[in-house]
Amino acid sequence: MSAWIDRYEVLLQRRNLSVNTYKIRSNQLATVREKMGEIILAEVTTRHIAKFLESWIT
15 MSAWIDRYEV
25 LLQRRNLSVN
35 TYKIRSNQLA
45 TVREKMGEII
55 LAEVTTRHIA
65 KFLESWIT
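In the working numbering, the protein residues as written are 15 to 72.
Laid out in structure tokens, this is it:
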């Protein structure tokens with residue numbers, strides 16, 4: 015997942031985003047990397063996503 019996040023960050027940098035939008039997206043990606051960065055993207059399941067989202071629900 016971490017490699018995908020790296021590639022996505024490059025795409026974000028190429029877009030004409032406002033500074034604030036870029037900062038928000040970068041922070042979101044940092045959170046995803048922290049929680050799920052070690053998982054191989056092809057192995058991410060709905061259970062992984064649910065566990066990730068659960069921290070904001072409860």
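Glycine included, C-beta positions come from ideal geometry on N, C-alpha and C.
From a predicted model like this one, the values you see are computed outputs, not experimental measurements.
Residue i and residue j closer than 8 Å at C-beta
{"i": "GLU23", "j": "LEU55", "result": "no"}
{"i": "GLY51", "j": "ILE19", "result": "yes"}
* What runs of the alpha helix (DSSP H), each 4 residues or longer, lie entirely inside the stretch 26-63? -> 33-50
* Counting pairs of Cβ atoms below 8 Å between the stretch 22-42 and the stretch 53-72, do you hit three or more? -> no
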